[in-house]
Every structure is written in C-alpha cells, then in structure tokens.
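Chemist: There's a structure below that I have some questions on.
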Amino acid sequence: MYDFTLVVPQGAFASSVTLTLDLLATAAKLASRVGVVAPRWRVCGISAGTLELAGGLQLQVANLPVQTNKHDCWILPGLDVDDAAQLRVRMAQPDVAPLAAALRRHAEAGGKIAASCSSVFLLNAAGLLNGRCVTTTWWLASALRHAAPQARVEPDRMVHADGPLITAGAALAHVDLLLYVLRQSFGERLAAMIGQALLVERRRLQSPYMSPTMMAPENGLIAQLTAHIAQTIPAPVTVGALALKANVSTRTLNRQVTKVLGYGPQQLIQSVRLNKARVLLEGSGLSVEEVAAEVGLGDAATLRRLLRRWLDVMPSQIRGEGIAIGSSRPLSRQ
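Mapped onto our numbering, the consecutive letters of the sequence shown carry residue numbers -1 to 332.
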C-alpha cells in the first residue's frame, strides 16, 4: 500500500515534480530518526510510459490505477502555464478529461488529493470544488473564481485544507504543500526535521507576494484604479473618488473590484499603499516614520501594525530580505 501517489500530467511544471520526489526521499531517509515508518510512494500518469515535463525533462510513470485506496494521498504538481489564456488552452487538452475522472473516483472513494498552483483547476474539472474553500497561485485567483463560482477562493493562504482537498499557492508553494501532507500523515517532528535539513521555513501567506495588477492583467479597471491610487498618495484616497474616476457608483465599483480581486476598493487602496511602502523600505534611506508619511499612513506605528496584521512582516524584515507586498486580507478586519 502506498501513502502517496504523485499524479503527473503531461507537461507538468518540472520543479513541482522533482521537489515532490526530493522531499519524499528526504522524509524516507529521516523517518527512522523520529521513530516513524518511511513513507511509500509511486509516480503515475494517465498511461504508463515516458512523460515529458516542462523544460524537456522526461519521467517514467506507471499507469494510474482504476481502483484507489482511501489512505493514499494523491499529489498533483502544477501545470506549466503563464497566464489565464494559456490555462484555458491547457484545460481543453484531451488528457484532462480522463485525469479529472480519475481524481473524481479517488475523492468519491474517500481519498485525499493535494494540488498546488494551476493544478487546482484540475480539481475543478473533476467537479470537486463546489462548496469548498481553496487557494491557488495568487495570479490565477480571479480565473479560478470565474471557473468555479461555487467555490470560495482565498489566494492569501499558502496552504488550505477543506474536506478531501488540500490546495496550495504558486509553484514553489508545492514545498509547503508537501510538508503539510507529511506533517498530517507522519507527524510534526518529521516535517520539522525535513524543514531543518533542507532549509525550508513554514510559510502561512501568499499575500506578501501579491500584486493587484498581476492578479487581473486583462482588466483595465484594476490597472486604472491602481495607477490613480499610486499617483494620489500620500494624499487621502477615498472609494468615492475612485468611483468618480471610473464613472460608476460606489456600489458598482465595489462589486466590480470584488469580482476580480476577491476584495473591495478600500482594500485595494491599502494594497497600493503597502506596496509603495515596500519600495521605499527596500530602496530608500527614509526612516519608517518618513515612509509612513510618504504613503499616507500617518505614523510608523500604523505602518508597523498594518504590516504585522495583514502580511506578518515588519519593516526590518522587508529591508533585510526584499519582501514584495500586496495585501489580500479583508479590510473589515483592520
């Protein structure tokens, strides 16, 4: 019996595949040190043979079994797509239907499925997202909301579990996904030891890396609003002023922005402020107090509080590590 099945689609993102194999191999080597059995896994595809990954790497895969075991967690690596348009083309390929059917059978049999990045869209193709709360790569969150309107998409999360599904964010969040499933199946001590051995820290949020314009690259309204906010701060920016700029009512603006980004225009204003603060903290000699004034937040205490509350970072971390910022948490919690 296997603990994990790595289910590899044609053209999968190579690092997601190789990282899975490396982390599982590391887990097997370290398991005895914490008194647990070593995990067992297999690598499968829709059909047995040689599978080509993104970048030209080739991988031997076994045939994905028809009969599944509910104790076997299936792992889906990300797909090699650059934007929503490429994703739509990829999801129309002939291998998606049989793969979706296999995923559906496994979930119906009580098995768990862990998917990162764009492979979360395969779960949607299998009809598994209705009523579920999921995450995905933050720059495809808008596309997932459109494709799966019955799901709740929370792109600020790095990893999220709901029922039989465990989903993760952008491509390298696959590491966080693997550590999560290993932690659930083999315990905290093994997961912590893997993190120490490979220098992998536990990350909770994608939000420090998110950009509103990249979340909606085809949406002119978001680009217009983002540019207007950036040009206006540190002067006050109101939702009413943004609605006037867009020539719509505040209610319509809120609906349109929320539909695309998953949060409203007030949150967008805060996101642009924090992104400008990041640029200034990284590249200027301004004090934290001066940066707060430059982005219209009043004082250093307010800036520190917002960074800690919404992004789980402090100004010193941004200056030391170059963390990009874009908030996606609900403004009502501020």
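Yeah, the Cβ is synthetic: ideal placement off N, Cα and C, and Gly gets one too.
Indicate whether G185 and V32 have their beta-carbon atoms separated by less than 8 Å.
Modeler: Residue mapping note: residue 185 aligns to position 187 of the sequence shown, counting from 1. Residue mapping note: residue 32 aligns to position 34 of the sequence shown, counting from 1. Yes; because the gap between Cβ atoms is below 8 Å, this pair is in contact.
Chemist: In terms of residue numbering, what span does the alpha helix (DSSP H) encompassing E186 cover?
Modeler: For this step, residue 186 is matched to residue 188 along the sequence shown. Per DSSP, E186 belongs to the alpha helix (DSSP H) from E186 to L196.
Chemist: Hey, how far is the Cα of Y0 from the Cα of N128?
Modeler: Here residue 0 refers to the residue found at position 2 of the sequence shown. Here residue 128 refers to the residue found at position 130 of the sequence shown. For Y0 and N128, the distance between alpha carbons rounds to 28 Å.
Chemist: My guess is that I164 and Y178 are in contact by the Cβ rule of under 8 Å, so how many angstroms apart are they, rounded?
Modeler: For the purposes of this step, residue 164 is identified with residue 166 of the sequence shown, where counting begins at 1. For the purposes of this step, residue 178 is identified with residue 180 of the sequence shown, where counting begins at 1. Between Y178 and I164 the Cβ distance is about 6 Å, and since that is below 8 Å, they are a contact.
Chemist: Whole alpha helix (DSSP H) runs in the segment 35 to 112 with 4 or more residues, listed along the chain?
Modeler: Those alpha helix (DSSP H) runs which fall completely within the segment 35 to 112 and span 4+ residues are 82 to 89 and 94 to 106.
Chemist: Can you tell me which of A146, R187, A107 and V5 puts its alpha carbon nearest to the alpha carbon of R40?
Modeler: Residue numbering aside, residue 40 sits at position 42 when the sequence shown is read from its first letter. Nearest option by C-alpha distance: V5.
Chemist: Just to check my reading of the structure: L57 and L49 have Cβ atoms closer than 8 Å, yes? What is that Cβ distance to the nearest angstrom?
Modeler: Walking along the sequence shown from the start, residue 57 turns up at place 59. Walking along the sequence shown from the start, residue 49 turns up at place 51. Confirmed, about 5 Å.
Chemist: Got a sec? Which residues, its chain only, sit under 7 Å from A123 by beta carbon, not counting five neighbours each side?
Modeler: Counting from 1 along the sequence shown, the entry for residue 123 is found at position 125. Result list for A123: M89, V94 and A98, in chain order.
Chemist: Please go through the same chain and pick out, in chain order, the residues whose beta-carbon is closer than 6 Å to the beta-carbon of R187, but skip the five residues on each side of it.
Modeler: Position 189 of the sequence shown, counted from the start, is the residue given in the question as residue 187. Excluding residues within five positions, the ones whose Cβ falls inside 6 Å are V32.
Chemist: Excluding sequence positions up to five away, which residues of its chain have a Cβ less than 8 Å from the Cβ of L85?
Modeler: As a first step, residue 85 must be located in the sequence shown, where it is residue number 87. Once the five neighbours on either side are set aside, the close Cβ partners of L85 are L77, V79, S116, F119, L138 and A141.
Chemist: Quick one: measure Cβ to Cβ for D174 and R150, integer angstroms, because I've assumed they're closer than 8 Å.
Modeler: Counting from 1 along the sequence shown, the entry for residue 174 is found at position 176. Counting from 1 along the sequence shown, the entry for residue 150 is found at position 152. Wrong, their Cβ atoms sit about 20 Å apart, outside the cutoff.
Chemist: Going by other Cβ atoms of all chains shown within 10 Å of its Cβ, with 16 needed for buried, is Q204 buried or exposed?
Modeler: The sequence position of residue 204 within the sequence shown is 206, counting from 1. Its Cβ being crowded by 16 or more others within 10 Å, Q204 is buried.
Chemist: Taking only three categories from DSSP, how would you classify V286?
Modeler: As a first step, residue 286 is located in the sequence shown; it is residue number 288 there, counting from the start. Of the three classes helix, strand and coil, the one that applies to V286 here is helix, per DSSP.
Chemist: Excluding sequence positions up to five away, which residues of its chain have a Cβ less than 8 Å from the Cβ of V255?
Modeler: Residue mapping note: residue 255 aligns to position 257 of the sequence shown, counting from 1. Excluding positions up to five away in sequence, the list reads L219, I220, L223, Y261, G262, P263 and L266.
Chemist: Work out the CA separation of T248 and I227 for me, nearest whole Å.
Modeler: Counting from 1 along the sequence shown, the entry for residue 227 is found at position 229. Counting from 1 along the sequence shown, the entry for residue 248 is found at position 250. The alpha-carbon atoms of I227 and T248 are separated by roughly 16 Å.
Chemist: Considering only C-alpha positions, which residue in the set E152, G109 and A169 is nearest to F2?
Modeler: One-based indexing of the sequence shown puts residue 2 at position 4. The candidate whose alpha carbon is nearest that of F2 is G109.
Chemist: Which whole-angstrom value describes the C-beta separation of L240 and L251, a residue pair presumed to lie in contact below a C-beta threshold of 8 Å?
Modeler: The residue given as residue 240 occupies position 242 in the sequence shown. The residue given as residue 251 occupies position 253 in the sequence shown. Right, the Cβ-Cβ distance comes to about 6 Å (below 8 Å), so this counts as a contact.
Chemist: In three-state terms, what does DSSP make of L170?
Modeler: Translated into positions along the sequence shown, residue 170 becomes position 172. Here L170 sits in coil by DSSP.
Chemist: Note down the Cα distance separating I316 from I231, rounded to an integer number of angstroms.
Modeler: Taking the sequence shown and counting its residues from 1, one reaches residue 316 at position 318. Taking the sequence shown and counting its residues from 1, one reaches residue 231 at position 233. Those two C-alpha atoms are separated by around 21 Å.
Chemist: Which of the three DSSP states is assigned to R155 in this structure?
Modeler: One-based indexing of the sequence shown puts residue 155 at position 157. Here R155 sits in strand by DSSP.
Chemist: Using CA atoms only, rank isn't needed, just tell me which of A171, A107, R102 and R103 is closest to T133.
Modeler: The residue labelled residue 133 in the question sits at position 135 within the sequence shown. The shortest Cα separation from T133 among A171, A107, R102 and R103 belongs to A171.
Chemist: Exposed or buried, E152, counting other C-beta atoms within 10 Å across all chains shown (16 or more means buried)?
Modeler: What you label residue 152 is simply residue 154 of the sequence shown in a count that begins at 1. Buried: at least 16 other Cβ atoms inside 10 Å.
Chemist: Please classify V35 as buried or exposed, where buried requires at least 16 other C-beta atoms within 10 Å of its C-beta.
Modeler: The sequence position of residue 35 within the sequence shown is 37, counting from 1. That one is exposed.
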